[in-house]
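In what follows, a structure is listed as structure tokens, so that the remarks can point back to it.
Residue numbers (our numbering): 14 to 358.
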């Protein structure tokens, strides 16, 4: 087991981008950048004994900041904050004070605003084999969010092929916080469509969305709908092939308990990805808007060639009092754990 800290020679905001490589006894390794807390590689041995990278991204860190990539920006492998998913009209109120955030297409705030945590430089606090802790201090007023927010994220790779993400955050003023990781996964050795990946989610309800994918506050049972993943099902079996999935599912679990959020498997390479989380929901996205040129090994990425399981609190909960609280106050500690576990079918 080891942790390597590698200088990339690239500087952003006068700080050098570092690559941190975590390796376990099986040779599984994960590459993380302190830019955006991006998971750039997640390499495992499949059932055929071949090494396989299961996340989409780039070989060169420069590509994560290129104009071409940012113009079609899919948030490859990054941490999303201060607030994941969409906030209706980019507006919320805390204790009688109203805050107006930037508004993306459709008029709603997306993934924390114009420049979220996914495009910030994080400080490397410590490396302990095989783990790394990153920190980002978001100043009061950044993207119009109130309060100085200090976020720490520890990545740990275990010998059970688990990548554990432990989030912690504190604030000096009441603020809205809802963090997630936006990894794009494909378990097939040669990539391509994820329609034949087998997926399961222990979620009896999903959240209604308006025409701009903003959660309204209504829960809808999955039974009898295309959103029923209570049992193993090919992702493409019931989907609208022009839409795929871009939906938030309410997990059947006690609030705050670390339990299974999803299982996804693929036959050719024989890999299964299980996601565990303390969070109450998981947003399942099948990359409808993915269109990126020159990915790893020069490969282009297209719609429906990856899936995301974004564990978080309910989107837009800051505006829906019946949803779990997403206001963090001074003296309180935000905590979240999400685990990506890889094994053979």
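Just so you know, even glycine gets a beta-carbon here, dropped at the ideal spot from N, CA and C. Predicted model only: the values in this text are computed from it and were never measured.
Here residue 75 carries a helix assignment [DSSP, helix/strand/coil]. Residue environment analysis places residue 220 among the buried positions, since at least 16 neighbouring C-beta atoms fall within 10 angstroms of its C-beta. In this structure, residue 263 places its C-beta atom within 7 Å of the C-beta atom of residue 218. Taking C-beta separations shorter than 7 Å and ignoring five residues to either side along the sequence, the partners of residue 101 in its chain run 121, 227, 329 and 332, following chain order. Excluding the 5 residues flanking it on each side, residue 132 has same chain C-beta neighbours closer than 7 Å at 49, in chain order. Residue 91 is a Cβ neighbour of residue 195, given a cutoff of 7 Å.
Here the alpha carbon of residue 135 sits roughly 17 Å from the alpha carbon of residue 43. Non-local beta-carbon contacts of residue 349 in its own chain, meaning distances under 7 Å to residues more than five positions away in sequence, involve 180, 192, 291 and 292 in chain order. In the DSSP assignment, residue 84 falls within the unbroken alpha helix (DSSP H) covering 80-84. Counting along the chain, residue 231 sits inside the beta strand (DSSP E) bounded by residues 228-234. At the C-beta level, residue 215 and residue 265 come within 7 Å of one another. The beta carbons of residue 103 and residue 114 sit closer together than 7 Å. Residue 22: member of the beta strand (DSSP E) spanning 15-25, first to last residue.
A straight-line Cα-Cα distance of about 14 Å links residue 269 and residue 336. Every beta strand (DSSP E) of 3 residues or more that sits fully in the stretch 185-273 is shown, in chain order, as 193-195, 211-213, 218-222, 228-234 and 259-263.
Contiguous beta strand (DSSP E) elements confined to the stretch 314-353 occur at 321-325, taking only those with 3 or more residues. Exposure of residue 306 is indicated by the presence of fewer than 16 other C-beta atoms within 10 angstroms of its C-beta.
Residue 338 and residue 344 have their C-alpha atoms spaced approximately 16 Å apart. Around the Cβ of residue 65, a 10 Å sphere holds 16 or more other Cβ atoms; the residue is buried.
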